[in-house]
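Residue numbers (my numbering), protein chains in the order written: chain A, 1 to 141; chain B, 1001 to 1385.
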């Protein structure tokens, strides 16, 4: 399938391994994934790479019970929109917590995980998931 | 300026049509519309077809040429348009613009999708490409999960309940009992909806439109030609389309769809109508939370009150603003590319007084909202007689 291309993952490695987005120096808005054009400033925009801190809170979430083949081994899993401290939202799995303990507003931090494999012999996609912050890691609970 | 008329409507019966292929169902809907209209093949001067993903669902692309070919329509322009779940609405709008521009006079408009030729898992994958595949689907956000996140947020912000989530399904199934083209012509009690299997909490199987094979068709023409063919033409009084961010997480709010709000406002303005003038609605209920949000976004209910409005019966047949008299996507079925055309078929039948047991008395104006993805495309049509 088209969406299982090796290059399609490879060319995004920097972005999805690091939560690397960009920031418009004209309006100050942060983007993830990095945007080629600032929709607010367009030709007046000045975009530069921005490394997100990887901290945020859960904006909304769902517990996925039926999933396509690549995710079937992970069912049930939590998918959430995380609102990063920079104000940008992204979509990611939440791990290291039971589904019944997740709630909107929960503090989370990015962690590096295996996302999925393309079939039994395809590329393994790595990238960000999020987990609850813990005092032991120096974050507020 | 002259309006655009709808002079013929048709569909195939929606369902899991194992014995038929994409061209069979498309031909059936197209011929039905042509016979209904009174035009002959030689009167048509173009075909537009809306389809989301035949290449992935069936392996076939180039659907414009295929549609003209199977109907024996021969040497005429045939266009294919795609806007995910709004592909059907996009086809209607393309024909509207083509006729309005003067380039075409009488056109066949089709929408189709054959979804049951792939397994459930592959169908799910294909639907998710209507969202931002690289940053939503790739990370495990299924299409139901995206709508589930809207639902959870709506519940938190406005106190919408699990009971509210069940109500669009109950209403739409009750309506579909009287629609001979619907996939599910049977009522479903609220308790059954509320106890159906979970897809992505808080959304359940019976909150979700099914996998459906189906096609729908219209014959549209210049206003001055309409009476030559049909005694009961209806007219497109407004056609509007808006876009929003492809990814749901890029929206300011996920409990409303700005593209719907803006396209509806523009359409009412274009038709010089108020919401109160609309007698019948087709709102895109791919998930029940979608109907709740759209009930608010078109203005039937205040923001956050969509569930309550449905509970009060305002959107039932006989209510002030009947929504999804056809059964909607939930019970009529949701063959993705056909849906936007099927919505207009229902409105035309209602305005003509041909909707039989689901008829809204004296309906004169109808409004359809067709959504692509999680609201990245909204196409609104107002039809009047």
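Beta carbons: idealized from backbone N, C-alpha and C, even for Gly.
All figures in this text were calculated on a predicted structure; none of them were measured in a lab.
Closest Cα partner of residue i within the set the options
i                       : options                        : result
residue 1126 of chain B : B/1058, B/1159, B/1149, B/1168 : B/1058
residue 1042 of chain B : B/1107, B/1088, B/1014         : B/1107
residue 1326 of chain B : B/1094, B/1374, B/1168, B/1268 : B/1168
residue 1180 of chain B : B/1163, B/1333, B/1380         : B/1333
residue 79 of chain A   : A/41, A/108, A/37, A/45        : A/108
residue 1023 of chain B : B/1090, B/1110, B/1035         : B/1110
residue 1288 of chain B : B/1351, B/1247, B/1147         : B/1147
residue 1150 of chain B : B/1254, B/1170, B/1192, B/1163 : B/1254
residue 1002 of chain B : B/1086, B/1021, B/1009, B/1097 : B/1097
residue 1079 of chain B : B/1064, B/1329, B/1135         : B/1064
residue 86 of chain A   : A/14, A/24, A/94               : A/24
residue 48 of chain A   : A/63, A/64, A/26               : A/26
residue 111 of chain A  : A/29, A/39, A/34, A/54         : A/54
residue 1116 of chain B : B/1028, B/1071, B/1019         : B/1019
residue 133 of chain A  : A/121, A/84, A/123             : A/84
residue 1087 of chain B : B/1361, B/1385, B/1343, B/1383 : B/1343
residue 1273 of chain B : B/1384, B/1347, B/1372         : B/1384
residue 1362 of chain B : B/1278, B/1305, B/1306         : B/1278
residue 88 of chain A   : A/51, A/119, A/118             : A/51
Below-8 Å beta-carbon distance, residue i vs any chain E residue
i                     : result
residue 65 of chain A : Of the protein chains in this structure, namely A and B, none is chain E.
Residue j beta carbon less than 8 Å from that of residue i
i                       : j                       : result
residue 1082 of chain B : residue 1335 of chain B : no
residue 1084 of chain B : residue 1076 of chain B : no
residue 1295 of chain B : residue 1264 of chain B : no
residue 99 of chain A   : residue 68 of chain A   : no
residue 1173 of chain B : residue 1186 of chain B : yes
residue 1297 of chain B : residue 1260 of chain B : yes
residue 102 of chain A  : residue 61 of chain A   : yes
residue 90 of chain A   : residue 1249 of chain B : yes
residue 1351 of chain B : residue 1366 of chain B : yes
residue 1229 of chain B : residue 1037 of chain B : yes
residue 1357 of chain B : residue 104 of chain A  : no
residue 1218 of chain B : residue 1345 of chain B : yes
residue 82 of chain A   : residue 32 of chain A   : no
residue 34 of chain A   : residue 45 of chain A   : no
residue 1211 of chain B : residue 1123 of chain B : yes
residue 1331 of chain B : residue 1176 of chain B : yes
residue 1010 of chain B : residue 1071 of chain B : no
residue 1267 of chain B : residue 1240 of chain B : yes
residue 1163 of chain B : residue 1194 of chain B : yes
residue 1202 of chain B : residue 1165 of chain B : yes
Where residue i meets chain A, residues with beta-carbon distance less than 9 Å
i                       : result
residue 1142 of chain B : 62, 64, 66, 67, 68, 71, 79
residue 1153 of chain B : 59, 60, 81, 104
Contact set between residue i and chain A, taken where Cβ atoms lie within less than 7 Å
i                       : result
residue 1198 of chain B : 65
residue 1156 of chain B : 104
residue 1249 of chain B : 81, 89, 90, 91
Residue-chain proximity (residue i, chain B), Cβ-Cβ < 8 Å
i                     : result
residue 12 of chain A : yes
residue 89 of chain A : yes
Beta-carbon neighbours of residue i, restricted to chain B and to distances below 7 Å
i                     : result
residue 93 of chain A : 1139, 1140
residue 33 of chain A : 1135
Chain A within 8 Å of residue i, Cβ atoms only
i                       : result
residue 1201 of chain B : yes
residue 1254 of chain B : yes
residue 1121 of chain B : yes
residue 1242 of chain B : no
residue 1386 of chain B : Given a span of 1001 to 1385 for chain B in the structure shown, any question on residue 1386 of chain B remains unanswerable.
residue 1332 of chain B : no
Within chain B, partners of residue i - CB distance below 8 Å
i                      : result
residue 124 of chain A : None at all; the shortest Cβ gap to chain B is about 13 Å.
Amino acids of chain A, ordered along the chain, whose beta-carbon sits closer than 8 Å to that of residue i
i                       : result
residue 1145 of chain B : 62, 64, 79
### Uninterrupted beta strand (DSSP E) stretches inside the stretch 1204-1252 of chain B (no shorter than 3 residues)
Counting whole runs of 3 or more residues, the stretch 1204-1252 of chain B contains the beta strand (DSSP E) stretches 1213-1222, 1234-1243.
Hey, which unbroken runs of the alpha helix (DSSP H) at 4 residues or more fall wholly within the stretch 1259-1307 of chain B? Runs of the alpha helix (DSSP H) lying entirely within the stretch 1259-1307 of chain B and spanning at least 4 residues, in chain order: 1288-1297.
Handout entry: 4 or more residues per run - each alpha helix (DSSP H) lying fully within the stretch 1151-1180 of chain B
Key = Whole alpha helix (DSSP H) segments, 4+ residues: 1162-1176.
Which full runs of the alpha helix (DSSP H) of 4+ residues lie inside the stretch 1035-1107 of chain B, going along the chain?
-> Within the stretch 1035-1107 of chain B, the complete alpha helix (DSSP H) runs of at least 4 residues are 1054-1057, 1063-1070, 1087-1100.
message: Extract the residue ranges of the beta strand (DSSP E) inside the stretch 89-121 of chain A, only unbroken runs of 3 or more that lie entirely within it.
response: Secondary structure within the stretch 89-121 of chain A: the beta strand (DSSP E) runs of 3 or more consecutive residues, fully enclosed, are 89-94, 107-117 (chain order).
Runs of beta strand (DSSP E) wholly within the stretch 42-68 of chain A (minimum 3 residues, chain order)
You should have 47-51, 55-64.
Segments of 4+ residues assigned as alpha helix (DSSP H) that fall wholly inside the stretch 1330-1384 of chain B:
For the stretch 1330-1384 of chain B, whole alpha helix (DSSP H) runs of length 4 or above, ordered along the chain, are 1336-1352.
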